[in-house]
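A.B. asks: Residue numbers (the working numbering), protein chains in the order written: chain B, 2 to 115; chain D, 547 to 661. Virtual Cβ for every residue (Gly too), placed ideally from N, Cα, C. Note that this is a predicted model, so its numbers are computed, not measured. Take a look at this one; I'll ask things after.
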Amino acid sequence: GENVEQHPSTLSVQEGDSAVIKCTYSDSASNYFPWYKQELGKRPQLIIDIRSNVGEKKDQRIAVTLNKTAKHFSLHITETQPEDSAVYFCAATFYGGSQGNLIFGKGTKLSVKP
Amino acid sequence: AAGVIQSPRHLIKEKRETATLKCYPIPRHDTVYWYQQGPGQDPQFLISFYEKMQSDKGSIPDRFSAQQFSDYHSELNMSSLELGDSALYFCASSPRSGGRTDTQYFGPGTRLTVL
């Protein structure tokens with residue numbers, strides 16, 4: 002089955018700096034890679050996603066890149082703000098037929114210091 | 547916009563008791579996923595339903611069962627509760643278009659505490 006590894010487990014940056022979180026996946030059949038932000042005790046919230054037919058996607062300060070050959074994808078947050086502080090999870094899945102359950106990485110706790 | 551609704555939001559049970567968690571998906575979403583998240587851990591997939599049929603099964607204990615009803619809401623039934631079942635339980639819903647499932651939207655979760 003799919004296995005997703007996420008690094009680093011914790012990340013501390015100064016406000017205004019960039020943050021990068023990296024994930025690798027094992028199943029080459031995976032074709033959908035979402036990123037979720039989760040604040041303590043709250044629901045995971047989708048912040049950006051990418052499908053395997055796209056190499057890069059950007060939404061304001063957030064971007065995701067996907068390297069299918071190397072089976073890794075990364076989240077880039079620019080101009081970080083204190084409200085970006087949260088746990089970020091990457092996930093992977095194969096969408097097709099009856100499947101689609103997300104396999105999550107272990108999470109990255111991002112702290113943005115003012 | 548309407549979101550996924552889960553009830554109850556908090557639940558406290560004793561060991562060996564039973565619990566029922568409910569999930570109401572976003573309107574016109576026909577696929578429901580259940581995830582369990584322990585403290586400091588990532589969400590773990592339990593089970594999913596599409597059009598009222600079980601579509602995939604993950605690390606769900608035999609003590610747990612679930613179903614999706616005709617109005618697409620889903621219930622997770624948990625019996626013989628153990629201390630280790632204490633966790634956040636999330637339901638997520640997605641629309642299925644052309645045989646391909648789309649983005650999953652998570653509900654607020656049910657925090658289950660087993661004493």
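Check whether the Cβ atoms of Q582 of chain D and A633 of chain D sit closer than 7 Å, and answer yes or no.
C.D. replies: Yes. Within cutoff.
A.B. asks: Taking the beta strand (DSSP E) that N623 of chain D belongs to, which residues open and close that run?
C.D. replies: Here the beta strand (DSSP E) through N623 of chain D covers 620-624.
A.B. asks: Of all the CB atoms in chain C, is at least one closer than 7 Å to the CB of P585 of chain D?
C.D. replies: Absent from the structure: chain C. Protein chains present are B and D.
A.B. asks: Which bits of chain D does P35 of chain B rub up against, with CB to CB less than 9 Å?
C.D. replies: Near P35 of chain B (Cβ distances below 9 Å), the residues of chain D are T649, Q650.
A.B. asks: In the DSSP assignment, what are the bridge partners of Y96 of chain B?
C.D. replies: DSSP, once it has assigned bridges, lists no residue as partnering Y96 of chain B.
A.B. asks: May I ask you to list, following chain order, the residues of the segment 567-582 of chain D that have a beta carbon less than 9 Å from some beta carbon of chain B?
C.D. replies: Going along the segment 567-582 of chain D in chain order, one finds T577, Y579, Y581 with a Cβ nearer than 9 Å to chain B.
A.B. asks: Could you tell me whether the Cβ of F95 of chain B comes closer than 7 Å to any Cβ of chain D?
C.D. replies: Cβ-Cβ to chain D under 7 Å: no for F95 of chain B.
A.B. asks: Would you list the one or two residues that DSSP bridges to A638 of chain D?
C.D. replies: In the DSSP output, where bridge partners are listed per residue, A638 of chain D has D:Y579, D:F652.
A.B. asks: Report all residues from its chain with a CB closer than 6 Å to the CB of I49 of chain B; omit the five preceding and five following residues, and keep chain order.
C.D. replies: Closer than 6 Å at Cβ, skipping near neighbours: W36, D60, I63, V65.
A.B. asks: What are the residues in the segment 584-604 of chain D lying within 7 Å of chain B by C-beta distance?
C.D. replies: Against chain B - using a Cβ distance shorter than 7 Å - the residues of the segment 584-604 of chain D are D588, P589, F591, S594, Y596, S601, D602, G604.
A.B. asks: Is the segment 561-580 of chain D close to the segment 618-631 of chain D, with three or more CB pairs under 8 Å?
C.D. replies: Segments in contact, yes.
A.B. asks: Just grab the DSSP bridge partners of K114 of chain B for me.
C.D. replies: The partner list for K114 of chain B (beta bridge, DSSP) reads B:Q15.
A.B. asks: Shorter than 7 Å from the beta carbon of D62 of chain B to some beta carbon of chain D?
C.D. replies: Checking the sequence, you will find Arg at residue 62 of chain B rather than Asp. Cβ-Cβ to chain D under 7 Å: no for R62 of chain B.
A.B. asks: Beta-carbon of N102 of chain B versus every beta-carbon of chain D: anything under 7 Å?
C.D. replies: For N102 of chain B, the answer is yes, since a Cβ of chain D falls inside 7 Å of its Cβ.
A.B. asks: With a threshold of 7 Å between beta-carbons, can G691 of chain D be considered close to chain B, or not?
C.D. replies: Since the displayed chain D opens at 547 and closes at 661, residue 691 of chain D lies outside it and no answer follows.
A.B. asks: Determine the chain B residues that contact G655 of chain D at a beta-carbon separation under 7 Å, and present them in chain order.
C.D. replies: Simply R44.
A.B. asks: What residues of chain B sit near F636 of chain D, judged by a beta carbon separation below 8 Å?
C.D. replies: In chain order: R44, P45.
A.B. asks: Give a yes or no on whether the minimum CB-CB distance between G108 of chain B and chain D is below 7 Å.
C.D. replies: It does: the Cβ of G108 of chain B has a partner Cβ on chain D nearer than 7 Å.
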